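Notes follow the structure.
There are 4 protein chains.
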Amino acid sequence: MAELEFTPTPEQYAWTFGGVAPVREVEPGTVMRLWCDDAFGGRIRAVTDLPSAVLDARFLNPQTGPFAVRGAEPGDTLVLHLVDLTPAREWGASTLVPFFGGLTGTDRTALLDDPLPELTWIYELDRARNTVTFVARRSDFSVDLPVAPMLGTVGVAPAAREVRSSLTPDAFGGNMDTPEMRAGVTCYLPVNEPGALFSVGDGHYRQGEGESCGTAVEGAMDVTLIVELVKADVAPAPLWPRIESDEELITVGSSRPLEDAWRIGQKEMISWLGTLHGLDRLDAYELLTQISLAPLANVVDTNYSAVTKVSKAFLPRVDPYGGLHADLRARAASL
Amino acid sequence: MAELEFTPTPEQYAWTFGGVAPVREVEPGTVMRLWCDDAFGGRIRAVTDLPSAVLDARFLNPQTGPFAVRGAEPGDTLVLHLVDLTPAREWGASTLVPFFGGLTGTDRTALLDDPLPELTWIYELDRARNTVTFVARRSDFSVDLPVAPMLGTVGVAPAAREVRSSLTPDAFGGNMDTPEMRAGVTCYLPVNEPGALFSVGDGHYRQGEGESCGTAVEGAMDVTLIVELVKADVAPAPLWPRIESDEELITVGSSRPLEDAWRIGQKEMISWLGTLHGLDRLDAYELLTQISLAPLANVVDTNYSAVTKVSKAFLPRVDPYGGLHADLRARAASL
Amino acid sequence: MAELEFTPTPEQYAWTFGGVAPVREVEPGTVMRLWCDDAFGGRIRAVTDLPSAVLDARFLNPQTGPFAVRGAEPGDTLVLHLVDLTPAREWGASTLVPFFGGLTGTDRTALLDDPLPELTWIYELDRARNTVTFVARRSDFSVDLPVAPMLGTVGVAPAAREVRSSLTPDAFGGNMDTPEMRAGVTCYLPVNEPGALFSVGDGHYRQGEGESCGTAVEGAMDVTLIVELVKADVAPAPLWPRIESDEELITVGSSRPLEDAWRIGQKEMISWLGTLHGLDRLDAYELLTQISLAPLANVVDTNYSAVTKVSKAFLPRVDPYGGLHADLRARAASL
Amino acid sequence: MAELEFTPTPEQYAWTFGGVAPVREVEPGTVMRLWCDDAFGGRIRAVTDLPSAVLDARFLNPQTGPFAVRGAEPGDTLVLHLVDLTPAREWGASTLVPFFGGLTGTDRTALLDDPLPELTWIYELDRARNTVTFVARRSDFSVDLPVAPMLGTVGVAPAAREVRSSLTPDAFGGNMDTPEMRAGVTCYLPVNEPGALFSVGDGHYRQGEGESCGTAVEGAMDVTLIVELVKADVAPAPLWPRIESDEELITVGSSRPLEDAWRIGQKEMISWLGTLHGLDRLDAYELLTQISLAPLANVVDTNYSAVTKVSKAFLPRVDPYGGLHADLRARAASL
């Protein structure tokens, strides 16, 4: 297998999906070993680092990429199999950014309240025990939490000539902030521009569903992934991001209000189940009603993201995309 | 332990939370063995039974109750421990009710589209294998699904003199439609009216998160529960429903849009964590961000309901409400 | 014409729609001369009166009523023609209630922010100049504003056995808080319970669209109205409140999120235009697109309310409800 | 005054805000005489022209521009005074685009319903009577409506390196679709990129508030405007679009859900009133509550837009931006 190793210099960071020239071109089948900075560009390092002092709103969520995939054309499906996510620093950081987060006024939910106080938490990583430690700032309390690495952002260049901030999730993927984006899964994204122009970033050492305060345990990440391509004549591109794990089929919708994000993911899953099992949309709707898991992803970003998840165990054996996920798992195991 | 057995006659069904005289008064500590009809009042029995023909909108979601709890006063906390939920019929039913459901226009999301076709599914129960069977209506497809009994509605009389339809979830509980309301959990509800006046109903043999099409595998249920009371001077009443299982702390918010339902549950959990662990609200907000699970409950009812769930394993050992849940589990085991 | 004069004692105030015995029964055609207290029950009288000190959440928005209308049956249309609204005190009051209002966190949009400061404004009424005076609290600024009396609440007993707080607007009318509810208009409401059981209250000496901070220039009001009834066999009841003025047809939808409130009012207007002009729903949708006015009513109550308004000047001459509005205007002129 | 006349060739149409090289550079003070094609690019010309047959989703809402304004830097305020809007064709068109519009499922409010039927209306323009004629498609009904020309889109290049479809309204202006954007008003927009890079388009011969079905009476437009610039050191740029007419101050917020669009506009107006009249934000909040008009703009686009409007008659005489609007009116009158 072809391999590519890439660690961007800060000048190479991308801050958008679309609108940036590719840093590299890769062949489908390439194993990529990437390094991603954290969402803060590494600027939050101590509890004394406050967002208003050290962050610049124009430089958040740096992306590693974009990568052009040779042969990818609009209508194709970009396939990214996450082989491994390993924390690349010995600590993660989380902070309350003024007018950002799920339980405070924002630039959109525009209120007259003052911002919540700025407060930063640093989570020390214990690689041996595979934990990060939450230490309360305003009382004497701490607790170790399991590391559960994920990528907040995985996305391609948007459709309709748009260029979107790396803080945005939408049909092109992007800043979905779902814990489902973990090692071992395969992500399917629609190709909108020649080369797909995908990037990854926003490593989280762990995150709850919803990403309530707006920032997970943000940390730089070493990412190993395999890129593949499904041509349009083999299978139509999904309308919205799909994820497959050994156990589950997953779709992610992103919009506002939150019910619309959920609706999008549900409809995409109904479409997927229809294709896989020859189900009429109303039968798929009914079946989904009884088996869907619906964990939230984020309720803080420019679009909210909601996950629809179905256990393969509830369904007859099928192999989406011709068994590509199993094949990628095998390839990953051989690395 | 005092025991009460009660199966309502159809004339005894309650159709609201509040506004109805109690069918029985019980002492705290009573073991209650109840029967609940399904949400359709048993009128959907075959795939040929269509909602517009057999249902009457005034008679949906019959409640078993209300029960007055002796000594319950506004400000107290009503405690219902679900000992057992057992399907009371050999089949469950689900149907597409015109202008109802998450992926169609409704009386609120008022659109000009015609209603989706009416279609009914009957799920045969196999008690030996503990499954219900989904049988597609428009193709040759069927699949067995595990039975996972839950109660769609558990609620008390509302505050502010209101009387609400049994189809509504809100701060008083009600039609939350969350799969978390299963045997083995303890539910804590605020008492708004003397006697609390609680009722239960809307048995589901299983349901996905979100209850997409609007109706789960609806089925009559035999319910065993233990009722308890926490007086206001021992602990303040929760603002919104709380649920405790052996493994998890759970809150449920209900409102529209869906992000507000989520916010309510998150804030209630922040308050709960603050009380249990002496955490400042901002520390609790941060911790919740990293450990919250956020499965949806329903995106179809008059209010949407969203769950916030925290694993006890992530937290130092504490005993909410003085260890009442463990005590109720022990009592249930002795039945 | 029969006449009824009624000023409730505080013990006669109603705090809900539904759930209360009528204070009087009236014949259709009766001229009613009523007095309504303000939403605070007159407790905010000086800028030193703060909500947390003088208000009790259980006693807000007192209603004058309910009145039973002889012969009114479910399916009929209750007709209330507002003849005159005259301020009944020499001042109005507005105040910032903690966790209430459109630009702050609330019990539903549950945030972690502290409440905004409590602040009260008193508006002196100048009857000669027909103005109320805004006096800034935190700078030296004042301005006279035209008096524009309206009723925040006009409603009947809800459907489906519900009892709703007088703070709630919904299909039964209630706390819609629209400036369109002014003298000279005719309001059409669906009858859900025998006698209709309507009440009025929540006088505003003036209010902007949206009622941003949550409280208008709240003031006690002398209300003169004529009650009428349209039986179900003459015309079907509207699904949602309708208002007719000399110049306009108006519908009011109430729900959350705000787009659903708007959708409800739009669909009700499409239905109304269809009936009046024999228009197919798609033609009415198109026509409405080009002529609808869409001023907001409230974005602060338990449901938000949005108005759809159509100028009669844009349409061929028709007489809704058999010319009842013109007839009532004539009757009012003769008083 | 410098003058520029510009009619784009179809190859010069811009389909985005940002991401396109300017077609011309202009000095502040320039009088611009522009021609804009309609949102359909002129492809809907007869009732037999259906969207699915004649439209291409990649080519909707062509913009005339972008124009670079010499000297405009981020932080400045771009000022566009609309001198004249005159229909440039003898007919306007409106149509039901599948899965688009306020009262049907869309790509975001993702439902399982089939699309509404496609239907097109052509409105003949009568210049002498200044009317367009609505002709029902499914019954024998027609009505003349006053021409009320407006521009659906007026926008600059977005902030944060983004490029947005010309179908999107946001802080940069864009596809706000408000009837307030009519001849005689002055629009103030934040400059995000050097040169501002503004464009205009999407002429409507008339439109109701909300643009219910998604398309107004769409028509090509001759636009005369004067461009001006307020440097950052003279006045800070607004956060969101502002509009000034002889009688009113107006702000426009765009987001989802609709209440957030309204909140944005309200907060921007509170900020504006604070600057103009030295009002504390809570005093401005209170005053706005009593005087705000809140007509909707659109409830159909990728963001919904809501207007906040205040009559100057209610406020002490002030001259926003140093009396620039009055000055521009005078300049326009001299053309």
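So the sequence lines, in the order shown, correspond to chains A, B, C and D.
Numbering-wise, the first sequence is residues 150 to 484 according to our numbering.
Numbering-wise, the second sequence is residues 150 to 484 according to our numbering.
Numbering-wise, the third sequence is residues 150 to 484 according to our numbering.
Numbering-wise, the fourth sequence is residues 150 to 484 according to our numbering.
Yeah, the Cβ is synthetic: ideal placement off N, Cα and C, and Gly gets one too.
Since this is a predicted model, take the numbers as computed values, not measurements.
Please list the partners that residue i has in chain C, where partner means a Cβ-to-Cβ separation under 7 angstroms.
i      : result
B:Y272 : Those do not exist, as B:Y272 stays about 28 angstroms from chain C at its closest Cβ, beyond 7 angstroms.
Taking the straight line between their C-alpha atoms, what separation do you get for residue i and residue j?
i      : j      : result
D:L265 : D:V448 : 17 angstroms
D:A433 : D:I440 : 10 angstroms
D:S291 : A:A381 : 47 angstroms
D:V401 : D:S394 : 14 angstroms
A:L442 : B:I399 : 16 angstroms
C:T115 : A:T424 : The requested residue 115 of chain C does not occur in the structure, where chain C is confined to residues 150 to 484.
A:F189 : B:P444 : 28 angstroms
C:V296 : A:D351 : 56 angstroms
D:G241 : D:G304 : 23 angstroms
D:D275 : D:E239 : 8 angstroms
D:D233 : D:T255 : 35 angstroms
A:N469 : A:R391 : Before going on, a small fix: residue 469 of chain A reads as Pro here, not Asn. Cα-Cα distance, rounded: 11 angstroms.
C:G333 : A:T327 : 55 angstroms
A:E358 : B:V456 : 11 angstroms
A:G220 : A:P343 : 8 angstroms
A:L428 : B:R287 : 7 angstroms
A:H353 : A:R412 : 26 angstroms
C:D450 : D:S201 : 41 angstroms
C:P318 : C:L231 : 19 angstroms
D:H100 : C:P298 : Outside the displayed span of chain D (150 to 484) sits residue 100 of chain D, for which this structure offers no information.
Note down, in chain order, every chain A residue with its Cβ under 7 angstroms from the Cβ of residue i.
i      : result
C:T253 : L260, L261 and D262
Using DSSP with H/G/I as helix, E/B as strand and the rest coil, what is residue i?
i      : result
C:D186 : coil
D:L428 : coil
D:F347 : strand
D:G178 : coil
B:P318 : strand
A:R478 : helix
B:Y337 : strand
A:M370 : strand
D:A489 : Given a span of 150 to 484 for chain D in the structure shown, any question on residue 489 of chain D remains unanswerable.
Chain D partners of residue i, CB-CB under 8 angstroms?
i      : result
A:S404 : R257 and R405
Can you pull the chain B neighbours of residue i, defined as C-beta to C-beta under 7 angstroms?
i      : result
D:L199 : None at all; the shortest Cβ gap to chain B is about 18 angstroms.
A:E397 : Per Cβ cutoff of 7 angstroms: no residues; A:E397 is ~13 angstroms from chain B at best.
Find the residues of chain C that neighbour residue i, judging by a C-beta separation of less than 8 angstroms, and give them in chain order.
i      : result
A:L265 : L261 and D262
D:S314 : Simply none; closest approach about 20 angstroms.
If we count the other Cβ atoms within 10 Å of its Cβ and call it buried at 16 or more, is residue i buried or exposed?
i      : result
D:R466 : exposed
B:M150 : exposed
A:V366 : buried
B:N452 : buried
C:E176 : exposed
D:D225 : buried
A:R257 : buried
C:T335 : buried
What does residue i pair with, by DSSP beta-bridge criteria?
i      : result
C:T280 : C:D275 and C:P295
C:E397 : C:S460
B:N447 : B:G359 and B:S454
Taking Cβ-Cβ distances shorter than 9 angstroms, what residues in chain A pair up with residue i?
i      : result
B:R355 : Q439 and I440
Could you work out which residues of chain B lie near residue i, taking near to mean beta carbons separated by less than 9 angstroms?
i      : result
C:R412 : G254, R257, T258, A259 and L260
Using the beta-carbon of each residue, which ones in chain C are nearer than 9 angstroms to residue i?
i      : result
D:P465 : F290 and V292
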